[in-house]
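Input: a single structure, listed below in structure tokens.
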């Protein structure tokens, strides 16, 4: 039997990842936040459990951590909950993982850790909280990294996840946009699943940016997306001062992870159900 993979957070990204891993012959466990979703995931062949992180885990975490590889795929919600909430969620998880016999932990992070430096940024640009535009997210990454050397650790800083029902034009239709010249840092969900699968298959460790290698402007993306789906075109205006941006570099991922992007150009991302 192939290794057991557990996905903490079987939602928009985690559930299709589970489907792919099942197709490859893995045994897959996964968590979700409601009984209804548990039933839905079990119908897909996932050994699903209800788990809520408030931030303390409530649910069958022990069963979920009875796995060789654990993917932590929990969206970092701040807002009214405060910046400390997500690191607290991760702290509880990593404390439990430390007591379990987990060989590999993969944490799905975000390129929001990078400040807008108006240049290409890579993994070395943010290694500490004070370098980051999202210090709480770096704090969560550090908690996962402290599991070493007891287990292998991978941090994947994914860009804006798109594809399927996440259609860029939907979010700007009819609005005024002054950031049209800014490059996008998008990643199609299928490529996110593909990258995660290779990392799991080959137990690759390290910190990696995960975005599509090409970076068209927001204006180009929005114009095409609105045309393709008949959304109202936004009004593009030129700001008085250039808007700072970041262009996420992917050379480390392309050199160290043997994965070929299915959709390297966000202008060519497929969408639909």
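In our numbering, the protein residues as written are 281 to 553.
Glycine included, C-beta positions come from ideal geometry on N, C-alpha and C.
- Residue 528 is a Cβ neighbour of residue 489, given a cutoff of 7 Å.
- Contiguous beta strand (DSSP E) elements confined to the segment 398-428 occur at 399-401, taking only those with 3 or more residues.
- Apart from the 5 residues on each side of it in sequence, residue 284 sits with its Cβ closer than 8 Å to the Cβ of 306, 307, 308, 309, 346, 347, 348, 349 in its chain, given in chain order.
- Within a 10 Å sphere around the beta-carbon of residue 420 sit 16 or more other beta-carbons, which makes this residue buried.
- Rounded to the nearest whole angstrom, the CA to CA distance from residue 500 to residue 437 is 24 Å.
- Residue burial is scored here from C-beta neighbours: residue 540 has fewer than 16 other C-beta atoms within 10 angstroms and is therefore classed as exposed.
- DSSP lists 437 as the beta-bridge partner residues of residue 389.
- Secondary-structure assignment with DSSP links residue 531 through no beta bridge to anything.
- Its chain contains 423 as the residues whose beta carbon lies nearer than 7 Å to that of residue 371, once the 5 sequence neighbours on both sides are disregarded; these appear in chain order.
- Per DSSP, the unbroken beta strand (DSSP E) holding residue 349 starts and ends at 349-352.
- In the displayed model, residue 467 falls within a strand according to three-state DSSP.
- Here residue 338 is exposed: its Cβ has fewer than 16 other Cβ atoms, across all protein chains shown, within 10 Å.
- The criterion of a C-beta distance shorter than 7 Å is not satisfied by residue 496 and residue 550.
- At a Cβ-Cβ threshold of 7 Å, residue 443 and residue 469 count as neighbours.
- According to the DSSP assignment, residue 288 belongs to the beta strand (DSSP E) that extends over 284-288.
- As a beta-bridge residue in DSSP terms, residue 457 pairs with 516.
- Assignment of residue 542 by DSSP, reduced to helix, strand and coil, places it in the coil class.
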